[in-house]
Amino acid sequence: MRNDNIYKPCLMRIEKVTDEAPDVKTFRLKFIDDVQARNFDFKAGQFGEYSVMGEGESTFCIASPPTRKGYIECTFRKTGRVTSALANKEEGEIIGFRGPYGNRFPIEEWKGKNLLFVAGGIALPPMRCVIWNCLDLREDYKDITIVYGAKTVDDLIYKNELEEWNERPDVTLVTTVDPGGETPAWKGQIGFVPTILEKMELKAENTIAVVCGPPIMIKFTFPVLVKAEFKEADIFTTLENRMKCGFGKCGRCNVGSVYVCKDGPVFTYAQLKKLPAEY
Amino acid sequence: MTPQNKLLKKECLPTFVETLVKGGKLLYAPTKENERIEFKLIENFSEIYLDYIQTTKSIKSIVFPPIEKLFEYVADKEHVEIKDVNLNTIPETIVFGAHPCDAASFKVLNAVFTWDCNDEFFLTRKDKTTVIGLSCKNHDDYCFCTSVDLNPGSTEGSDILLTRIENDNYLAEIMTEKGEAVYKLVKNLFEPAPQVDKNAFVTQLPKLFDLNDLRGKLSFEGLSWMQQSLRCLSCGTCAYVCPTCSCFDIQDIGNQTKGKRVRIWDTCALPQFTLHTSGHNPRHFQNERWRQRIMHKFSYEPERLHVYGCVGCGRCSRACPVNINILENLIEISGGNK
């Protein structure tokens, strides 16, 4: 939405709080103002500025898909001042939201293709948005494979949804935890995401790969995909530089002359390779 | 509108200024106090000091205050009320006696604050501000406006530009509708302009490097940013005094029940500027932050916003506590003016 005061947040009520993992929560948010609710639209991959009055704003992607109308969700880990204040909020309380900002995953261009989603840790939320977006339009896509890893079993987020994806015949789900992060009952893989990915029979032909994770995971995942003959322009990721405004004015999220908030956060590996290492 | 030239006699200048002040406009002008020259809100002409080379701080705070209130709020658990700032209360303001470098700086700020969506706080302040510029009689070793496509008599950004000519009278070039509106308030003080070569009355500042050469040679990876920035303290003074540095933070002042959200000056010189929550920092080292400063002004802004983020005022070099001289560095990178 755009209004005269571009810094003014919309007010949103917390409809539901889900504890995902230690210190990780998901909020389901609804606009208080009907007009704002009606006019709101976004695309998979976009982000917003979430705020607690008196504490400040924090940047997260929208973690729910645009195909699910009437609410948005965000998932965050309690780490700094704003996320700690958010974590203390309960159902029924009000927070601020500005957005949507940034570009998006071009999922219309992926029609008729296989999709490989690779995520690590707290980076599943941006991918969850696009996964559900594609699953809600399931007929548009061919094979859908999701590879998701976290440090420990406890740290895996969206556990109910992982179960749901696991049971769906039209989704291949591979979950893994870092060595030492497993429990006796753990039935998934053990190993780092790139290692697990390397052991899989990846078919690059007619396949789009989406990779979201900590920088170290991304760094080791791209070569695995390139070795499997994925085209660099078919590998997508999101960058997560620090932001304040969300619309190219506050001056900190740029990578070279590229503004993550305007030109991103979604980039292909081909685009990333042309950028300086400033992220 | 077509610019028009008039003559403002030296003895009419005090009446000119005081009429505007009495007419209810806020008037900022250079003042000198204990050897320190700064723009201040003035009431009488006698407070003004026009015979200056450069003020320590720029005029940007008039259109882009160090702390800008974005809104106020009152909140409890289930209600939040956001109270808008009434931009109509921003007063009509005149900047009197700004040198052409400062006058030109608003164009750079404007590019940042309007390129994607309009920042109404900046735009309202800018629209309500009239710049009465003053051509430069003198320059010092830090000045380099002629190297960034400006000059000591440039009308760029001035609504009226004054140039001191024969007998200490002023040539007034009325450039814009805002300038004309001010002129109309004090029309009786002006006389027809004489034929005059303005350039004979402004300081002659040689061009020291070529902007295109500089841009051609700027390179993210290829330059020794380390050497130029080795003694930098990361204090951010350069950005504080800079007329075109516009990066900001957004912070809340208050508590969870009552307070305000503000936009507050920030700078790429500070390590916290880009620090991620995880502890990772894309610009961890000072040379990376210095590179950002130079690249942003001379490569990214021209590429993205079609303006250079520098007006050659030299303030950053004058104010730097460890004497980093941006002009020397730009000459070094560009190879100088051959």
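Just so you know, the protein sequences line up as chains X and E, in that order.
Convert by adding 11 to the 1-based position in the first sequence; the result is the number in the numbering used here.
Going by the numbering used here, the residue at position 171 of the second sequence is 152; the numbering climbs one at a time, nothing skipped.
Ideal Cβ placement from N, Cα and C applies to all residues, glycine included.
- Task: State the start and end residues of the unbroken beta strand (DSSP E) segment that holds X/F11.
- Result: Residue 11 of chain X cannot be examined here, being either before or after the span of chain X that is shown, 12 to 290.
- Message: What ranges does the alpha helix (DSSP H) occupy inside the segment -9 to 39 of chain E, keeping only unbroken runs of at least 4 residues that lie completely in it?
- Response: -6 to 3
- Query: Quick one: any contact between the segment 184 to 199 of chain X and the segment 90 to 110 of chain X, if contact means 3 or more CB pairs under 8 Å?
  - Reply: no
- Quick one: what's got a C-beta closer than 7 Å to E/I155's C-beta in the same chain, skipping five residues either side? P(-16), Q(-15), K(-13), I141, E161 and Y164
- Query: X/P287 CB to nearest chain E CB: under 9 Å?
  - Reply: yes
- Could you tell me whether the segment 268 to 278 of chain E touches the segment 248 to 260 of chain E, using the rule of 3 or more Cβ pairs below 8 Å? yes
- Query: Skipping 5 residues on each side, what residues in its chain have a beta carbon closer than 8 Å to that of E/R17?
  - Reply: T37
- Message: Which residues in chain E have a C-beta closer than 7 Å to the C-beta of X/K260? List them in chain order.
- Response: V93, F94 and D100
- Inspect the beta-carbon positions of X/I292 and X/V182 and report whether they are closer than 9 Å. Look at the range of chain X in this structure, 12 to 290, and you will see that residue 292 of chain X is not part of it.
- Inter-residue spacing [alpha-carbon to alpha-carbon] between E/I43 and X/C256: Roughly 21 Å between the two C-alpha positions.
- What are the start and end residues of the alpha helix (DSSP H) that includes X/D189? Segment: none, X/D189 is in no alpha helix (DSSP H) and carries neither H nor E.
- Task: Out of E/S116, E/G4, E/Q267 and E/V303, state which residue places its alpha-carbon closest to the alpha-carbon of E/S139.
- Result: Nearest C-alpha to E/S139: E/S116.
- Item | chain X residues whose Cβ lies nearer than 8 Å to that of E/A56 | M64, G65 and I105
- For X/K122, count neighbouring C-beta atoms within 10 Å of its own C-beta (all shown protein chains included) and say buried if the count is 16 or more, exposed if not. exposed
- First through last residue of the beta strand (DSSP E) which encompasses E/N(-14): Q(-15) to L(-11)
- Sorry if obvious, but does the Cβ on E/F182 come closer than 8 Å to a heavy atom of the ligand SAH? Of the ligands one can find in the structure shown there are none, so the ligand SAH has no counterpart to examine.
- So, is the C-beta of E/C228 closer than 9 Å to a C-beta in chain X? yes
- Query: Would you call E/L166 buried or exposed, if buried means 16 or more other Cβ atoms sit within 10 Å of its Cβ?
  - Reply: An exposed status is given to E/L166, since fewer than 16 other beta-carbon atoms sit within 10 Å of its beta-carbon.
- Task: Give a yes or no on whether the C-beta atoms belonging to E/L(-11) and E/Y9 are separated by under 9 Å.
- Result: no
- Query: At least one CB of chain E closer than 9 Å to the CB of X/A96: is that the case?
  - Reply: yes
- Message: Pop quiz: E/G260 and E/V183 are said to be a contact at Cβ under 8 Å. What is the actual Cβ separation, rounded to whole angstroms?
- Response: Going by Cβ atoms, the distance from E/G260 to E/V183 rounds to 52 Å, so no, they are not a contact pair.
- Query: Tell me which same chain residues have a C-beta within less than 7 Å of the C-beta of X/K284, skipping the five on either side of it?
  - Reply: E243
- Leaving out five residues before and five after E/K(-9) in sequence, what residues of the same chain have Cβ atoms less than 6 Å from its Cβ? The answer, listed in chain order, is D149 and N150.
- Query: Interface residues of chain A around X/C256 at Cβ under 8 Å?
  - Reply: The displayed structure is made up of protein chains X and E, and chain A is not among them.
- Between which two residues does the beta strand (DSSP E) harbouring X/M23 extend? From DSSP, the beta strand (DSSP E) with X/M23 extends over C21 to A32.
- Closest by CA to E/Q185, which one among E/L68, E/N99, E/A174 and E/D122? E/D122
- Item | Euclidean distance between Cα positions of X/M12 and X/F108 | In this prediction, X/M12 scores a pLDDT of 34, lower than 50, which makes its location untrustworthy; the coordinate-derived value is nonetheless stated afterwards. Taking the straight line joining both Cα atoms gives about 11 Å.
- Residue burial classification, X/R39 (beta-carbon count within 10 angstroms, cutoff 16): It is buried - the Cβ of X/R39 has at least 16 other Cβ atoms within 10 Å.
- Message: Between which residues of its own chain and X/E66 is the CB-CB distance below 6 Å, once the five residues before and five after are set aside?
- Response: R92, V93 and A96
- Message: Given a cut-off of 9 Å on the beta-carbon distance, is the pair X/F1 and X/F247 in contact?
- Response: As shown, chain X starts at 12 and ends at 290. That puts residue 1 of chain X outside it, with no answer to give.
- Just checking my contact of X/V221 with X/M138 at CB under 8 Å: how many whole Å lie between their CB atoms? 6 Å
- Query: Could you give the residue range of the alpha helix (DSSP H) that holds E/G197?
  - Reply: L192 to K198
- Inter-residue Cα distance where the pair is X/L173 and E/D230: X/L173 and E/D230 have their alpha carbons spaced roughly 38 Å apart.
- Query: Taking 9 Å as the CB-CB limit, is X/N16 close to chain E?
  - Reply: yes
- Task: Measure the alpha-carbon distance for E/C291 versus X/Y290 and round it to whole angstroms.
- Result: 26 Å
- Closest by C-alpha distance to X/N252, when choosing among X/P195, X/I25 and X/S69: X/S69
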